Amino acid sequence: MRNCIFSLLFLFMCFRGISQDDFPFLTKTDQLPKDLLSKRAVVFMNINSLNWEKEAQIIHNNFVEIGVDAVAYYSLSDIMSGEDATKAFYSDITDRSIENMLIVHQMDSGFALYATKIPEEGGFFQNGMKAFYLQDKTLKELGSQLRTLVNKSGLERENFLIIDVPETFKKTRVIKSRRVENFNPDIRIDKLAVPKFTESIMLDMDVDQANMALDSIMENYYPFEYGLVEPGMTAEEMISQGYLMVLKKLQNNGESLRRMLGYDLSEEETILISIRKGPNEEVMKYRIDQQVHKYYVQQLYTKDIYLGEEWDAGQSWQEALFNHIENLKAKLKR
10 MRNCIFSLLF LFMCFRGISQ DDFPFLTKTD QLPKDLLSKR AVVFMNINSL NWEKEAQIIH
70 NNFVEIGVDA VAYYSLSDIM SGEDATKAFY SDITDRSIEN MLIVHQMDSG FALYATKIPE
130 EGGFFQNGMK AFYLQDKTLK ELGSQLRTLV NKSGLERENF LIIDVPETFK KTRVIKSRRV
190 ENFNPDIRID KLAVPKFTES IMLDMDVDQA NMALDSIMEN YYPFEYGLVE PGMTAEEMIS
250 QGYLMVLKKL QNNGESLRRM LGYDLSEEET ILISIRKGPN EEVMKYRIDQ QVHKYYVQQL
310 YTKDIYLGEE WDAGQSWQEA LFNHIENLKA KLKR
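With the sequence shown counted from 1, adding 9 to any position gets you the working numbering.
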C-alpha cells in the first residue's frame, strides 16, 4: 500500500491543470470590436492577487471615459474553475444581455487587454477566437493607449450611462441546488458516473495518461460500483445507462473555491486545512491563494450536491480525488 501511495504522489506531479499564463486559443488582432461602445461588456480579471478591486477601478475609469459599458467584473480563475462554474457564470452573464468579453491579464512585463464577443454556442472560449489585443507597462498606460485607439477608430459611442464604480462579483456561488456537507449513503448501491477527461483548450495535460490515472485511482481505491463516461453525457443519458450519481470537480485558489462551494471563510484566514481520513490519514495545509482541486458528488435526479464531511481539497486533481475517496470510505465503512 505504501509503495502504491508513493506512486500516486509521483503521478500527482506529472500533470498540470488549467494554464492562465497566456491564451493560445485566442487569435490576436488589432481590430477593435465594432460594438465596443454600444453593447454591454463583462470583464475577466487575471491579476496576480486575490484582491484585484484596485486594478478593476483603474481600468474601469478608462472604460467610463472611453464609453465601454463594463457592467460586471469577475475573476478569470472563477470562470475557468470547472464545468459547473462555467455554465453557471455563462448563464448569469448572458441573461443580462452582455455580448462583449474583456480580459485584463497581468504579465511579468505589464498588462494586456483582450476584447472579443461571447460565443452564442455556450462557454466563453473557443479555439481560434479572434480577439483585439493591446499591452502596456501599466494599467494606466494601457487605458491611455486604448483611449487613443478608440478616438481614432471612428466607432460611434452609444454607451453614456456608465456607473463610476466597477461592479465586482467575488462572492458568487456556483451551486444552485441543495448542498450537503456529508456523503450520500445511497452511494453504496447507486452506480457512480465518472466523467473522463477530454481534449480542451482549457487543459494542459496528456488526456490519455490522465484518463489512465483516473481509472487506476478509481479501480484501486473506490469501493463501490462506478463507470467512466464521456464528458459530454447529459444527466438523462447517464440515468438511462444505470447511473444515479456523478462525480464532479472544481479547481481554483482555495479562498475562491470555498466561497464558490458555499463554505464560510473568515477575513482572518490565510491557511486552509485539508483532511484525509482512513489508513492513509494526513492533514495538509495550503495557503488560501494556492490553486487546489475539490471533488464532490451530485445526485442526478434531485441535483443535490454532496461535498463530504471534511474539506479535502488537494494540490492536484489526483490528490483531491484520493482524499475524497478515502474520506468517503472512512464515513461509509463497508
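Glycine is no exception: its CB is placed at the ideal position from the N, C-alpha and C atoms.
Bear in mind the structure is a predicted one, so any value in this text is a computation, not a measurement.
Exposed or buried, which one is residue i when buried takes at least 16 other CB atoms within 10 Å?
i: Asp30; result: Reliability of the predicted coordinates at Asp30 is poor, the pLDDT of 43 falling under 50, and no value is obtained from them.
i: Pro42; result: buried
i: Glu176; result: exposed
i: Met221; result: exposed
i: Glu328; result: buried
i: Leu170; result: exposed
i: Met347; result: The question about residue 347 has no answer, for the chain in this structure spans 10 to 343.
i: Arg268; result: buried
i: Val183; result: buried
i: Val292; result: exposed
Over the uninterrupted alpha helix (DSSP H) stretch that includes residue i, give me the two end residues.
i: Asn220; result: 216-230
i: Ala244; result: 244-249
i: Asn160; result: 148-162
Just reading off the beta strand (DSSP E) that residue i is part of, what are its end residues?
i: Gly236; result: 235-238
i: Arg285; result: 280-285
i: Lys205; result: No beta strand (DSSP E) holds Lys205; DSSP gives it neither H nor E.
i: Glu291; result: 291-296
i: Leu256; result: 252-262
i: Phe178; result: Taken as a continuous stretch (DSSP letters only), Phe178 belongs to no beta strand (DSSP E), as it is neither H nor E.
i: Asp145; result: 138-145
i: Gln300; result: 300-308
What is the DSSP secondary structure of residue i, counted as helix, strand or coil?
i: Asn109; result: strand
i: Ala329; result: helix
i: Leu35; result: strand
i: Lys338; result: helix
i: Arg188; result: strand
i: Leu266; result: helix
i: Ile127; result: coil
i: Ile171; result: coil
i: Ile314; result: strand
Does the beta-carbon distance from residue i to residue j come in below 8 Å?
i: Gly76; j: Asn168; result: yes
i: Lys96; j: Met110; result: no
i: Tyr230; j: Lys258; result: no
i: Val48; j: Glu108; result: Looking at the sequence provided, one finds Lys at residue 48 rather than Val. Yes. Within cutoff.
i: Tyr83; j: Phe53; result: yes
i: Met344; j: Thr207; result: Residue 344 cannot be examined here, being either before or after the span of the chain that is shown, 10 to 343.
i: Met254; j: Gln307; result: yes
i: Ala94; j: Ile88; result: yes
i: Trp326; j: Ile284; result: no
i: Ala219; j: Leu309; result: no
i: Gly119; j: Lys149; result: no
i: Ala322; j: Leu266; result: yes
Taking 8 Å as the threshold (beta carbon to beta carbon), is residue i in contact with chain B?
i: Gln66; result: Included in the structure is just one protein chain, with no chain B present.
- Inside the segment 49-125 only - beta strand (DSSP E) runs reaching at least 3 residues: 49-55, 78-84, 109-116
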